[in-house]
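Here's the structure we're looking at; comments come further down.
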Amino acid sequence: MRKAMAPLLVTILAVFSAQQLLTPVLAPLARELALTETQLGLVITISAATLTVASPMWGRAMRRMRLRTVLLSGLGLASAGLIGFAVAVTLGLEEVVPPPVTFALMIATRSLLFGLGLAALPVAALTVAGLVTTGEADRTRVTGLVGAAQGLSLVVGPAGGGVLAVASLLLPLYVSPVICLLLTVWVLVAVRREPARAPQGVEGPRPRLWDARLWPLFAIGFCVFLSLGLVQVILGFLIADRLHVDPQATAGGVGLALAVAGIVIVGVQGALVPALGWRALRLIRVGAPIAVAAFGLLAVAHSLWLITVAFGLLGVGLGLAMPGVAAAPGLLVGPEGQSSISGLVNAVIGSTFVVGPLLSTALYEITPVAPVLAAFVAATTAVALAWLSPAARHAKAAAEAVAAP
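Structural data, given as structure tokens:
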């Protein structure tokens with residue numbers, strides 16, 4: 368079972384890098400296509416909504432299907448979505464189809480198909496992580512590696528997208544589906560038919576979002592990831608409007624800021640979190656306040672280096688908090704509940720990117736600093752819940768009891 372983690376981590380890294388490859392060019396392409404900030408937010412929001420709805424479904428599928436089957440299904444859908452998105456944008460830029468049709472095709476491909484396929488991958492990774500670990504420290508470490516793979520994608524993806532965008536804004540759109548297709552071939556070879564599937568025994572009551580043991584952890588996770596979603600999608604607009612630079616320079620600036628954040632997240636989740644050996648709730652209690660400070664700095668940053676410093680500080684805070692958010696709920700259920708809880712965790716994370724991009728782009732149209740201030744409030748709320756909620760303290764005690772030998 369532990370051997371299954373290696374191809375899972377590679378898959379997470381490659382697919383999320385393919386997704387992040389598009390990040391530096393989304394804002395410039397939206398303006399080239401005459402789409403508003405809110406329309407771009409809708410593309411990302413509907414994708415996140417698809418991921419949110421599909422995650423519990425993939426969680427249930429992990430109980431019946433082999434890991435290899437789930438991975439190939441997710442990769443096939445993700446590849447189809449990225450191919451369709453590249454075609455839709457190309458047709459829109461060449462004025463073969465009018466802007467409303469381009470927008471509808473972007474929704475169908477990047478939002479629906481890609482979102483459905485992407486949902487399978489973190490659910491599979493979190494399920495296997497829950498099954499191969501035996502205690503809180505081990506669970507947090509392995510979950511941190513999953514997060515580190517996603518964090519590394521913030522380095523590889525935006526940096527690669529920024530470099531490719533220098534040649535053409537369309538080049539990242541063509542490279543990203545190629546990555547997914549090559550990965551599909553690799554999974555066919557690297558993941559054998561026999562890797563373990565989730566337990567097939569009788570499942571107890573399914574975990575629910577409103578379970579008294581779980582809701583504080585889900586609420587904290589929602590706030591932490593919402594804060595990221597509020598600033599990520601408007602970063603391109605923020606750099607363009609604050610620094611008054613052209614689309615290529617905007618893409619390069621976005622790539623730099625997100626690459627720095629990704630490097631820090633990888634270092635924190637891949638090295639610092641395992642070295643510290645802290646419990647999940649402590650990671651949240653230390654990481655969330657650092658994120659609060661990062662958003663405060665971003666609110667007043669009017670140079671690229673200061674924006675980059677703010678995202679580096681954000682990487683420290685999120686790098687600490689995210690493994691705690693991902694690991695804590697799974698500690699409160701047994702092996703038979705890992706696939707279900709993984710689906711719920713991924714659904715909570717996905718739901719923040721339903722609310723975040725749409726809210727942030729709408730707020731940006733009111734005043735550019737508003738999404739950053741909203742992220743500040745969300746991170747502050749996570750801090751308050753982690754320290755003041757009696758239910759969070761009860762969840763901590765329950766996690767300690769489960770982790771005790």
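Counting from 368, one number per residue, gives the positions in the sequence shown under this note's numbering. Beta carbons: idealized from backbone N, C-alpha and C, even for Gly.
Using the C-alpha atoms, what's the distance from residue j back to residue i?
i, j, result
"Cys-547", "Phe-481", "11 angstroms"
"Ala-642", "Ala-428", "34 angstroms"
"Arg-508", "Ala-447", "33 angstroms"
"Leu-531", "Met-473", "21 angstroms"
"Arg-609", "Leu-375", "39 angstroms"
"Leu-555", "Ala-516", "20 angstroms"
"Met-372", "Thr-378", "10 angstroms"
"Leu-388", "Pro-525", "5 angstroms"
"Pro-696", "Val-490", "13 angstroms"
"Ala-746", "Val-463", "44 angstroms"
"Leu-752", "Pro-690", "17 angstroms"
"Ser-709", "Gly-451", "29 angstroms"
"Ala-737", "Ile-606", "15 angstroms"
"Leu-460", "Trp-754", "50 angstroms"
"Ala-661", "Ala-694", "24 angstroms"
"Leu-444", "Val-545", "13 angstroms"
"Ser-440", "His-611", "43 angstroms"
"Leu-449", "Arg-398", "20 angstroms"
Excluding five sequence neighbours on each side, which residues of the same chain lie with their C-beta closer than 6 angstroms to the C-beta of residue i?
i, result
"Gly-723", "Leu-593, Gly-596 and Leu-597"
"Ala-668", "Ile-674 and Ala-677"
"Val-692", "Gly-588 and Val-591"
"Ala-486", "Leu-418, Ala-421, Ser-422 and Trp-425"
"Thr-748", "Cys-590"
"Leu-725", "Gly-408 and Thr-412"
Which residue from the options puts its Cα closest to that of residue i?
i, options, result
"Val-744", "Thr-551, Ala-655, Pro-696 and Ala-729", "Ala-655"
"Val-683", "Leu-726, Val-715, Gly-629 and Phe-720", "Gly-629"
"Ile-716", "Leu-438, Ala-415 and Ser-727", "Ala-415"
"Leu-623", "Pro-467, Pro-690 and Trp-672", "Trp-672"
"Leu-498", "Gly-528, Glu-462, Leu-434 and Ile-450", "Leu-434"
"Val-392", "Ala-618, Ala-534 and Ala-453", "Ala-618"
"Ser-718", "Gly-441, Gly-451, Ile-411 and Gly-529", "Ile-411"
"Ser-670", "Ile-657, Leu-602, Ala-557 and Val-659", "Leu-602"
"Leu-681", "Leu-664, Ala-694 and Pro-690", "Leu-664"
"Val-523", "Leu-537, Ser-543 and Ala-397", "Ser-543"
"Gln-636", "Gly-443, Asn-713, Ala-688 and Met-432", "Ala-688"
"Thr-469", "Thr-436, Val-437 and Ala-453", "Ala-453"
Which same chain residues, not among the five before or five after residue i, have their C-beta less than 7 angstroms away from its C-beta?
i, result
"Phe-604", "Ala-394, Glu-404 and Tyr-731"
"Leu-519", "Leu-380, Gly-629 and Val-633"
"Gly-679", "Val-627, Ala-628 and Val-631"
"Ala-557", "Pro-374"
"Ala-455", "Thr-469, Leu-472, Met-473 and Thr-476"
"Val-721", "Thr-412, Ala-415, Ala-416 and Thr-419"
"Thr-390", "Gly-524, Pro-525, Gly-528, Val-621 and Leu-625"
"Val-437", "Trp-425, Ala-428, Met-429, Ala-487 and Ala-491"
Is residue i close to the ligand ADP? I mean its beta-carbon at under 7 angstroms from any heavy atom of the ligand.
i, result
"Val-621", "The ligand ADP is not among the ligands present in this structure, which contains no ligands whatsoever."
So, is the C-beta of residue i closer than 8 angstroms to a C-beta in chain C?
i, result
"Val-598", "The chain labelled as chain C is not found in the depicted structure, where only one protein chain is given."
Where are the alpha helix (DSSP H) runs, 4 residues long or more, that stay fully inside the segment 676-744, in chain order? 705-733
Could you pull out every unbroken beta strand (DSSP E) segment of at least 3 residues lying fully inside the segment 607-648, listed in chain order? Counting only runs that start and end inside the segment 607-648, there is no beta strand (DSSP E) element of at least 3 residues.
Where in the segment 451-504 do unbroken runs of the alpha helix (DSSP H), each at least 4 residues long, occur, reported from the N-terminal end onward? 466-473 and 481-499
Within the segment 376-444, ranges of the alpha helix (DSSP H) (whole runs, at least 4 residues): Taken in chain order, the complete alpha helix (DSSP H) segments of 4 or more residues contained in the segment 376-444 are 390-399 and 404-428.
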